[in-house]
Amino acid sequence: MKILSLNAGYFLGYDGTLSDYIRHPLRGFLGDSAIQSKRVDRFTRLVKEIEPDTVLLQEVDQGSIRSTRVSRPEEVSRQLSDGFEAFAATKYCGWVNSLPFLGKMSNAIVYREGKLKNHYLETGRKSLVQEISLEGYSIFSVHLARFGSAVRHNQIKELEKILHERDEYVVAGDFNFHNKGEAQQASDVLKAEASTDGETFPVENPRKTLDMAFSSKGLDLDVEVLDRKISDHRPLVIDVGKA
35 MKILSLNAGY FLGYDGTLSD YIRHPLRGFL GDSAIQSKRV DRFTRLVKEI EPDTVLLQEV
95 DQGSIRSTRV SRPEEVSRQL SDGFEAFAAT KYCGWVNSLP FLGKMSNAIV YREGKLKNHY
155 LETGRKSLVQ EISLEGYSIF SVHLARFGSA VRHNQIKELE KILHERDEYV VAGDFNFHNK
215 GEAQQASDVL KAEASTDGET FPVENPRKTL DMAFSSKGLD LDVEVLDRKI SDHRPLVIDV
275 GKA
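Position 68 of the sequence shown, counting from 1, maps to 102 under the numbering used here, and the rest follow consecutively.
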């Protein structure tokens, strides 16, 4: 089983540096259809090259004004064809997901087969955890809170309760951990092995390992960080095997 995971940054083309956000402030609100289309094309070419079984996407737009009303997860699945479908949901819980702009800010799983489910954690406004169940184990896609290590820690503890009901699993995505201590703490709480391949953010000269994967004891992960400029994060390729 091969998994491709990416925080797509809404395919807005930012490189993750403060100067880039400052130079293009309106893009984050109004979008740029040309840039977004090019980045989606670049991403789908990567998927065809890597040939993953499952794709985990964090930060994708389901059709706000910023994406010119185009659902980017559906656009990805259409370009891939070959039996791929998109399963997307807003990443916010509560009343926020009913707002016309924020309600379109989503995460997605692009997949060929499997049983899908959305979980919403009680901690943090950005609280979506997506699950795809395959024969033998489950894959979870996460995007934890950006601010507050205490918030992320509580989200991890909630996630552990979900994982406790699964025999074997992989958890991957953008954990927003600011240091190795947070990653180790998460590994202890989840009773899972952490797998990384170096820094993933920003995409140019990365300095932080925000994106990573965890697995239950019965599984073995081989994680590779790709030097591809699709978003402000570098994508992960995760090969899953039996330990």
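C-beta atoms are modelled at their ideal positions from N, C-alpha and C, and glycine is treated no differently.
Next item on the list: May I have the straight-line CA-CA distance separating S229 from E109, to the nearest angstrom?
Entry: The residue labelled residue 229 in the question sits at position 195 within the sequence shown. The residue labelled residue 109 in the question sits at position 75 within the sequence shown. So the alpha carbons of these two residues sit roughly 30 angstroms apart.
Check: Under three-state DSSP, which class holds V74?
Finding: Within the sequence shown, residue 74 is the residue found at index 40, counting from 1. Reduced to three states, the DSSP call for V74 is helix.
Check: Over what stretch of residues does the alpha helix (DSSP H) that includes A217 continue unbroken?
Finding: Here residue 217 refers to the residue found at position 183 of the sequence shown. Secondary structure note for A217: its alpha helix (DSSP H) is the uninterrupted segment K214 to L224.
Next item on the list: Spatial neighbours of K138 within its chain, please: CB distance less than 6 angstroms, with the 5 preceding and 5 following residues excluded, ordered by chain position.
Entry: Within the sequence shown, residue 138 is the residue found at index 104, counting from 1. Cβ neighbours of K138 beyond the five flanking positions: D95, Q96, G97 and S98.
Check: So V81 packs on V89, CB below 8 angstroms; how close in whole Å?
Finding: By one-based count along the sequence shown, residue 81 stands at place 47. By one-based count along the sequence shown, residue 89 stands at place 55. With a Cβ gap of about 6 angstroms, V81 and V89 count as contacting.
Item checked: Backbone CA spacing between F118 and L38 [nearest angstrom] -> Against the sequence shown, residue 118 aligns to sequence position 84. Against the sequence shown, residue 38 aligns to sequence position 4. In a straight line, the C-alpha of F118 is about 14 angstroms away from that of L38.
Check: So, do the stretch 235-247 and the stretch 183-199 have three or more beta carbon pairs nearer to each other than 8 angstroms?
Finding: They do not touch, by the three-pair rule.
Margin query: Pull the bridge partners of I37 from the DSSP assignment, please.
Written below: Your numbering for residue 37 matches position 3 in the sequence shown. In the DSSP output, where bridge partners are listed per residue, I37 has T88 and I272.
Notebook entry, point to check: Based on Cα-Cα distance, which residue from P269, A122, L193 and R100 lies nearest to V223?
Noted result: The residue you call residue 223 lines up with position 189 of the sequence shown. Minimum Cα distance to V223 is reached at L193.
Check: Just how far apart, CA to CA, sit V257 and S250?
Finding: The residue given as residue 257 occupies position 223 in the sequence shown. The residue given as residue 250 occupies position 216 in the sequence shown. Cα-Cα distance, rounded: 15 angstroms.
Note to self: Tell me the rounded alpha-carbon separation between Y44 and G275.
What the structure shows: Stepping through the sequence shown from its first residue, residue 44 is reached at position 10. Stepping through the sequence shown from its first residue, residue 275 is reached at position 241. Taking the straight line from one Cα to the other gives about 31 angstroms.
Next item on the list: Check whether the Cβ atoms of H177 and G207 sit closer than 8 angstroms, and answer yes or no.
Entry: Counting from one through the sequence shown, the residue named residue 177 turns up at place 143. Counting from one through the sequence shown, the residue named residue 207 turns up at place 173. The answer is yes: Cβ separation under 8 angstroms.
Notebook entry, point to check: What residue ranges within the stretch 141-173 form continuous alpha helix (DSSP H) runs of no fewer than 4 residues, ordered along the chain?
Noted result: You should have found no qualifying run.
Next item on the list: Determine the direct distance from the alpha carbon of D54 to that of R100, and round the result to whole angstroms.
Entry: Taking the first residue of the sequence shown as 1, we reach residue 100 at position 66. Taking the first residue of the sequence shown as 1, we reach residue 54 at position 20. When rounded, the distance between both Cα atoms is 18 angstroms.
Next item on the list: Return the chain-ordered list of same chain residues with a C-beta closer than 6 angstroms to the C-beta of K149, the five sequence neighbours on each side being excluded.
Entry: In the sequence shown, the residue the question calls residue 149 occupies position 115. Excluding positions up to five away in sequence, the list reads S167.
Item checked: Reduced DSSP category for G244 - H, G, I as helix; E, B as strand; rest coil -> Here residue 244 corresponds to residue number 210 of the sequence shown, with the count starting at 1. At residue 244 the sequence reads Leu, which differs from the Gly that was named. Note: L244 maps to coil in three-state DSSP.
Note to self: For a minimum of 4 consecutive residues, which ranges assigned as the alpha helix (DSSP H) are wholly contained in the stretch 92-119?
What the structure shows: Counting only runs of at least 4 residues, the stretch 92-119 fully encloses the following alpha helix (DSSP H) elements, listed from N- to C-terminal order: 106-114.
Note to self: Let me check you understand the geometry: is the CB of F209 closer than 7 angstroms to at least one non-hydrogen atom of the ligand ZN?
What the structure shows: The ligand ZN is not part of this structure, which contains no ligands at all.
Notebook entry, point to check: Going straight from the alpha carbon of H212 to that of Q164, what length do you get?
Noted result: The residue you call residue 212 lines up with position 178 of the sequence shown. The residue you call residue 164 lines up with position 130 of the sequence shown. So the two alpha carbons sit approximately 23 angstroms from each other.
Notebook entry, point to check: Per DSSP, G207 is paired with what?
Noted result: Looking up residue 207 in the sequence shown gives position 173. Bridge partners of G207: V176 and M246.
Next item on the list: Give every residue of the same chain whose Cβ lies closer than 7 angstroms to the Cβ of E233, excluding the five residues on either side of it in the sequence, and list them in chain order.
Entry: Numbered from 1 along the sequence shown, position 199 holds the residue referred to as residue 233. Closer than 7 angstroms at Cβ, skipping near neighbours: P240, R241, K242 and T243.
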